[in-house]
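Trainee:
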Amino acid sequence: MTAPAPAPGIAYDDATLAPAAQRAADDVLYRAQIARLFERSPFYGVKLRAAGIADAAGAGGLDRIAALPFTTKDELRQSQQETPPLGAHAAAARAEIARVFSTSGTTGVPSYIPLTRRDVADWVVIGSRSYSRCGLAPGQTLISTYNAGPFVAGLALESFQNVGVTHVPVGTGNTERLVTALRLLKPQALACTPSYAGYIAEWARQHGFDVRQSGVERIMVAGEPGGGEPDMRRKLEETWSAKVYEAMGLGDVAASLWGECQAQAGMHFSGTGFVHVELIEPESGQALPLADGATGELVYTHIRREAAPLLRFRSRDHVRVWTERCACGRTTLRVRCIGRTDDMLIVRGVNVFPSAIREIVNRFQPQVSGYIAVRPARRGVKQEPPLRVAVELAPGATPEPALAEAIAGAIRSALVVSADIVLLPSGALPRSEYKSKLVDYSEAKAA
Ligand SMILES: [Zn+2]
């Protein structure tokens, strides 16, 4: 099977090798990478030997990767605490590091993400693939709302430059400046979180500007789940009279690793030749076959990263996958994010993602605004039913008890969780310029 020719206007595509040839090429890189880990990464040397693997030959090829141990974010944090500043997992000398990004970290101590010059260039290629799939091309103007700052999202800006668009970085923190840029510069594309896309439209309307007049044709959302939820997407597309395309990445692996094409049928994998991807069953850690409709957690292995290569890194992103050829012609793996382990609650043994609750609540548009907050009764992951969910109504909607009951019924039947729905007037829940916080512990007692 030969790969289709890239669609016109797509400067960066990856479907150039047939799947078997790609797998063979990846296998060569993978074996060299394992050898590099033994040679240069003290963390992986210890970890692999502890798993009974004495050397690179003992690890074998990609067909045996499922026998190797996972890497978790907690291990990376611990590695940096014990061997500051970059951790014992780093596999490059300080002089080889070209860039150090950081993540904000919940404990106050940032975790550092080093890249060599080649790593930076690789991330730009991966990001360029992710962003150009939706039709973003030279000649178009794009407004971005990601702050360059210390975070990996800043690298998206270099990808935009690489794609060749006229890039207008506006950053976050000033919606008025953003709306002014929309009015005056008439961009074809806007890059932001899905939460912020909703907020910009609301703010503009309150200030006498309908964003449908902006001329924006494509909104490229990333940073949180939501852009792939059907009702949230439909509402954003109607509000903006534009198409919504989703992208996803993660700091420790690559800033923009997945990107949606114009068929809007899930995000295509963009790390071909750089990153190996697996799907696992999150509880048991067992590898799952990549089959149409399968769900599980994504696990990544760098096959080319120099500075901080990761082996079987658990992303905590839960996704649904598609492997069939997309309507766009590409055969790369596609995913849609279901939720993140970090946000997950366990209600009497049932795993519940707040984004899944929002997705169900959004079916009740136009009566609801799309803003929700899960307000657990106690701190921590484990909760007792019913789970309290604040649901904001659309402007002018009235808080009918029948609506609350219908929403609770839909949540119960889809997620097997009983919910206590509190209807709030329009505008009652906080808006975000970056990621929306779906869980609010302000009503929680200590666990
Ligand atoms: Zn496609």
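For the sequence shown, the working numbering gives the first residue as 39, with consecutive numbering after it. All C-beta atoms in this analysis are idealised placements derived from N, C-alpha and C, irrespective of residue type, glycine included.
1. Report the CB separation of Glu471 from Gly211 in whole angstroms; it is logged as a contact under 8 Å.
2. So, helix, strand or coil for Pro46, using DSSP?
3. Can you tell which of Gln421, Leu431, Ile449, Ile459 has the C-alpha that lies nearest to the C-alpha of Lys483?
4. Just to confirm, is the Cβ distance from Ala428 to Ala411 under 8 Å?
5. What is the rounded straight-line gap between the Cα of Gly253 and the Cα of Ala466?
6. Nearest-angstrom Cα distance between Met258 and Ala97?
7. One question on the structure: do Cys230 and Thr183 come within less than 8 Å of each other, judged by their Cβ atoms?
8. For Thr436 and Asp64, what's the separation of their Cα atoms in angstroms?
9. Would Gln71 be called buried (16 or more neighbouring beta carbons within 10 Å of its own) or exposed?
10. Can you check whether the CB of Tyr283 is closer than 8 Å to the CB of Arg256?
11. Let me make sure I understand the geometry here. Which of Arg386, Pro347, Gln302 has the alpha-carbon closest to that of Cys366?
12. Only counting the same chain, and skipping five residues up and downstream in sequence, which positions put a Cβ closer than 6 Å to that of Ala104?
13. Give the straight-line distance between the Cα atoms of Ala43 and Ala58, rounded to the nearest whole angstrom.
14. Rank Ala133, Gln118, Arg132 by C-alpha distance to the C-alpha of Ala126 and give the top, closest one.
15. Which residue marks the beginning of the alpha helix (DSSP H) containing Thr218, and which one marks its end?
16. Within 10 angstroms of the Cβ of Leu476, are there 16 or more other Cβ atoms? Answer buried if so, exposed if not.
17. In the DSSP assignment, what residue or residues form a beta bridge with Gly297?
18. Secondary structure at Ser474, three-state DSSP: helix, strand or coil?
19. Less than 8 Å between the CB atoms is what I'm expecting for Arg426 and Asp458, so what's the real figure, rounded?
20. Taking the Cβ atom as the reference point for each residue, do Glu196 and Val162 lie within a distance shorter than 8 Å?
21. With respect to the alpha helix (DSSP H) encompassing Asp458, which residues constitute its N-terminal and C-terminal limits?
22. Quick check on the burial criterion: 16 or more other C-beta atoms within 10 angstroms. Buried or exposed for Asp248?
23. Looking only at its chain, what residues have a beta carbon closer than 8 Å to the beta carbon of Val201, apart from the 5 residues adjacent to it on each side?
24. Contact between the stretch 347-360 and the stretch 375-389 is defined here as three or more beta-carbon pairs at a separation below 8 Å; is this criterion met?
25. What are the start and end residues of the beta strand (DSSP E) that includes Arg354?
Mentor: According to the structure data:
1. For Glu471 against Gly211, the beta-carbon gap comes to about 7 Å, under 8 Å, which counts as contact.
2. With a pLDDT of 36 at Pro46, under the threshold of 50, the predicted position of this residue should be treated as unreliable, though the coordinate-derived value follows. Three-state DSSP puts Pro46 in coil, outside helix and strand.
3. Gln421
4. yes
5. 30 Å
6. 40 Å
7. Yes, Cβ-Cβ distance for Cys230 and Thr183 is below 8 Å.
8. 57 Å
9. buried
10. Taking 8 Å as the Cβ cut-off, Arg256 and Tyr283 qualify as a contacting pair.
11. Gln302
12. Correct list, in chain order: Ala325.
13. Confidence at Ala43 is low in this model, with a pLDDT of 40, below 50, so its placement is unreliable and no value can be given for it.
14. Gln118
15. Thr218 -> alpha helix (DSSP H) spans 213-223.
16. buried
17. Ala285, His306
18. Three-state result, Ser474: coil.
19. 5 Å
20. A contact, by the Cβ cut-off of 8 Å.
21. Here Asp458 belongs to no alpha helix (DSSP H); instead the beta strand (DSSP E) covers 457-462.
22. exposed
23. So the list reads Ala49, Tyr50, Ser166, Tyr169, Ser170, Leu174, Ala175, Pro176, once near-sequence residues are dropped.
24. Touching, yes, given that three or more Cβ pairs across the two stretches are closer than 8 Å.
25. 351-360
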